[in-house]
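Those sequence lines, one after another, are chains A and B.
Under the working numbering, the first residue of the first sequence carries the number 1, and numbering increases by one thereafter.
Under the working numbering, the first residue of the second sequence carries the number 1, and numbering increases by one thereafter.
Using N, Cα and C, we set each Cβ at its ideal position, and we do this for glycine too.
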Amino acid sequence: MKSELDIMLTVDGAEERTTVEPRMLLIQALREKLGVKGPHIGCESGRCGACTVLVNGEAVKSCMMLAAQADGAKITTAAGLAAEDGTLHPLQQAFHEHHALQCGYCTPGMLCAAMDLLKTNPKPNENDVRQALRGNLCRCTGYQHIVDAVLSAAGTLGSGASAVKGAAE
Amino acid sequence: MIPAAFDYARPATLEEAASLLSQEGGAALLAGGQSLITELKQRRASPRAVIDLNSITELSAIEHGPDGVRIGAMVRQAELLRDGTVQKRLPLLCETGAAAGDPMIRRLGTLAGALCEAEPGGDWVAAALALEAEVEIYGKGSTRRLSAADFVTGTKPAGGLQGEIVTAVHLPYQKKDSRSTYRKVKHNAVGWSIASAAISLEPGEGGACRKARIAVSGAPSHPQRLPALEAALTAGPYEAEHLRAAIEEALDGLTFRGDHYASADYRRTRLGILLSRTLQELLAA
Numbered sequence: 001m002k003s004e005l006d007i008m009l010t011v012d013g014a015e016e017r018t019t020v021e022p023r024m025l026l027i028q029a030l031r032e033k034l035g036v037k038g039p040h041i042g043c044e045s046g047r048c049g050a051c052t053v054l055v056n057g058e059a060v061k062s063c064m065m066l067a068a069q070a071d072g073a074k075i076t077t078a079a080g081l082a083a084e085d086g087t088l089h090p091l092q093q094a095f096h097e098h099h100a101l102q103c104g105y106c107t108p109g110m111l112c113a114a115m116d117l118l119k120t121n122p123k124p125n126e127n128d129v130r131q132a133l134r135g136n137l138c139r140c141t142g143y144q145h146i147v148d149a150v151l152s153a154a155g156t157l158g159s160g161a162s163a164v165k166g167a168a169e
Numbered sequence: 001m002i003p004a005a006f007d008y009a010r011p012a013t014l015e016e017a018a019s020l021l022s023q024e025g026g027a028a029l030l031a032g033g034q035s036l037i038t039e040l041k042q043r044r045a046s047p048r049a050v051i052d053l054n055s056i057t058e059l060s061a062i063e064h065g066p067d068g069v070r071i072g073a074m075v076r077q078a079e080l081l082r083d084g085t086v087q088k089r090l091p092l093l094c095e096t097g098a099a100a101g102d103p104m105i106r107r108l109g110t111l112a113g114a115l116c117e118a119e120p121g122g123d124w125v126a127a128a129l130a131l132e133a134e135v136e137i138y139g140k141g142s143t144r145r146l147s148a149a150d151f152v153t154g155t156k157p158a159g160g161l162q163g164e165i166v167t168a169v170h171l172p173y174q175k176k177d178s179r180s181t182y183r184k185v186k187h188n189a190v191g192w193s194i195a196s197a198a199i200s201l202e203p204g205e206g207g208a209c210r211k212a213r214i215a216v217s218g219a220p221s222h223p224q225r226l227p228a229l230e231a232a233l234t235a236g237p238y239e240a241e242h243l244r245a246a247i248e249e250a251l252d253g254l255t256f257r258g259d260h261y262a263s264a265d266y267r268r269t270r271l272g273i274l275l276s277r278t279l280q281e282l283l284a285a
């Protein structure tokens with residue numbers, strides 16, 4: 001039994017080591033210990049999805065996981081989707097072009113949830129997209145532009161779905 | 001929302017977990033965590049220690065047999081729903097899963113964990129009851145099995161577990177000719193179940209069912225099967241009038257829960273309508 005743990009996370013490609021109390025949530029470790037501000041804290045109760053990140057390529061709500069559970073994991077945040085030179089990922093570009101955000105608070109979570117969808121289902125229909133984003137709340141857009149952006153990104157990526165896979169892993 | 005402090009261990013084997021559990025009175029077991037972590041944050045649970053089962057690889061297998069599947073306690077709901085054989089042989093489970101939580105919750109959440117939580121409005125619990133699941137429990141050096149109906153009785157902890165660990169859920173495959181569905185009346189704002197029903201019918205001779213399994217959640221005090229209604233459908237024939245009377249009789253036997261989302265009366269009414277429409281649809285199919 002431990003009351004403090006040394007953990008190692010690879011966050012957007014960078015290896016990070018930190019010490020956490022077992023009760024610390026993954027989102028708190030990311031933001032407060034490591035200064036990773038991509039994922040946001042919204043409801044902190046597993047509903048809004050603003051804190052969604054990819055853990056070993058799979059979208060999870062980082063307020064619903066202990067930092068201790070993520071020890072050794074590869075974390076990708078929305079900030080890690082773009083190329084190193086700052087070129088936006090096609091999904092981010094589609095969000096930009098379709099005006100899929102207003103205040104932007106939900107956007108990091110939306111991007112991560114959509115990345116996971118495009119990895120497992122490269123050719124989603126509108127219903128697939130809406131189901132995949134069911135756990136991500138947006139209070140500005142009414143969702144339509146977000147859905148349009150994800151569908152458009154799926155089209156752009158087309159046979160290049162491997163590009164999505166690469167980034168998500 | 002920060003949980004109260006607790007100690008933490010991540011054992012690699014079941015034996016190690018069981019031994020920690022016996023040393024640490026009142027320790028909580030962490031599987032998918034999609035209920036436990038909320039309880040910790042809201043301090044509805046403040047265990048002295050948390051034993052994380054996520055490194056016990058032997059709990060992560062989906063094993064298909066000739067008549068059914070054994071689902072390890074750490075198999076994620078998302079992984080279960082992606083399994084080709086599960087999709088083919090357990091359509092009711094997959095339909096229920098698609099209505100449960102959201103994709104991110106299902107990435108972490110487990111079927112075994114959902115049964116242990118046995119939320120009154122639980123989706124997975126209703127399906128497990130209708131599919132006649134069995135829960136495999138390890139403790140004190142041996143393994144026992146309980147039917148889902150004996151496991152989810154409305155008292156906590158589910159199954160009366162003491163120092164024991166749920167290791168798997170066993171599900172028999174649905175018959176090829178079975179007709180099944182999961183329906184839920186959701187609260188418009190929060191999405192929680194006002195009334196839900198998981199139903200599996202096997203059509204028989206002369207308009208009666210060979211077998212009927214009907215489990216309800218959301219409306220009653222805890223998820224449960226409706227044996228009297230099941231019996232009425234196997235006795236058949238089921239004219240609309242008979243069906244209505246049998247449903248009313250089944251509802252009379254339940255205690256309904258009421259809260260600020262929906263009153264007990266409203267839940268009863270909605271469950272009655274849900275059962276009547278869904279059964280008529282399945283029987284006419």
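Following the DSSP letters along the chain, one finds E119/B in no alpha helix (DSSP H), marked with neither H nor E.
At a cut-off of 9 Å between beta carbons, N188/B makes no contact with chain A. If the five residues before and after L274/B are omitted, its C-beta is found closer than 7 Å to the C-beta atoms of R183, V185, A195 and A197, all from its own chain and listed in chain order. With a beta-carbon spacing of about 10 Å, C112/A and A50/A fall beyond the 8 Å limit used to define contacts.
Residues of the stretch 51-72 of chain A that bring their beta carbon within less than 9 Å of a beta carbon in chain B comprise T52, V55, E58, A59, V60, K61, C63, M64, M65, L66, A68, Q69 and D71, in sequence order. Under the 9 Å criterion on CB atoms, P22/A is classed as interfacial with respect to chain B. With the criterion set as a beta carbon lying under 8 Å from some beta carbon of chain A, the members of the stretch 10-24 of chain B are R10, L20 and E24, in sequence order. For the 9 Å CB-CB criterion, A31/B and L53/B form a contact.
Shown here, Q87/B sits in a helix according to DSSP, grouped into three states. Leaving aside the five residues that flank G258/B on each side, the residues in its chain whose CB is nearer than 6 Å to its CB run, in chain order, A264.
In the DSSP annotation of this structure, the continuous segment of the alpha helix (DSSP H) that includes I247/B starts and ends at A240 to D252.
The CB of R134/A comes closer than 8 Å to the CB of D102 and P103 in chain B, given here in chain order. A buried status is given to M110/A, since no fewer than 16 other beta-carbon atoms sit within 10 Å of its beta-carbon.
The straight-line gap separating the alpha-carbon atoms of G191/B and T167/B is approximately 30 Å. Assignment of beta-bridge partners to G139/B by DSSP yields S142/B. Taking a 10 Å sphere around the C-beta of K41/B, we find 16 or more other C-beta atoms and assign the residue as buried. Look at the beta carbons and you see the stretch 140-155 of chain B not touching the stretch 58-75 of chain B: under three pairs across the two are nearer than 8 Å. CA-CA distance, D123/B to L26/A, rounds to 27 Å. Annotated three-state conformation of Y143/A is coil, per DSSP. For E202/B, the enclosing beta strand (DSSP E) stretches over residues S193 to P203. The three-state secondary structure of S221/B, taken from DSSP, is coil. T120/A has a beta carbon lying within less than 9 Å of a beta carbon in chain B.
In the structure shown, the three-state DSSP call for F95/A is helix. Taking all protein chains shown into account, N136/A has 16 or more neighbouring C-beta atoms within 10 Å of its C-beta and is therefore buried. The contact set of I37/B on chain A, defined by CB atoms closer than 9 Å, consists of L25, G46, C63, M64, M65 and L66 in chain order. If you look at M8/A, you'll find it in the beta strand (DSSP E) that goes L5 to V11. With contacts defined as CB atoms closer than 9 Å, P22/A and S45/A fail to qualify as a contacting pair. The beta carbon of F256/B sits no closer than 9 Å to any beta carbon of chain A. Here the C-alpha atom of G155/A lies approximately 10 Å from the C-alpha atom of A94/A.
Annotation for Q23/B: no residue places its beta carbon closer than 8 Å to its own, counting only its chain and skipping 5 residues before and after. With contacts defined as CB atoms closer than 9 Å, T96/B and A126/B qualify as a contacting pair. Between the C-alpha atoms of A114/B and A158/B there is a straight-line separation of about 10 Å. When DSSP assignments are scanned along the stretch 16-63 of chain A, the uninterrupted stretches of beta strand (DSSP E) that are 3 or more residues long and fall wholly within it turn out to be 52-55 and 58-61. Taking T141/A as reference, the option from K74/A, L118/A, E32/A and G104/A with the minimal CA-CA separation is G104/A. Scanning R76/B, K88/B, R244/B and L29/B for the CA closest to the CA of R107/B turns up R76/B.
Taking a cut-off of 8 Å on C-beta distances, the stretch 30-43 of chain A touches the stretch 65-80 of chain A, as three or more cross pairs fall below it.
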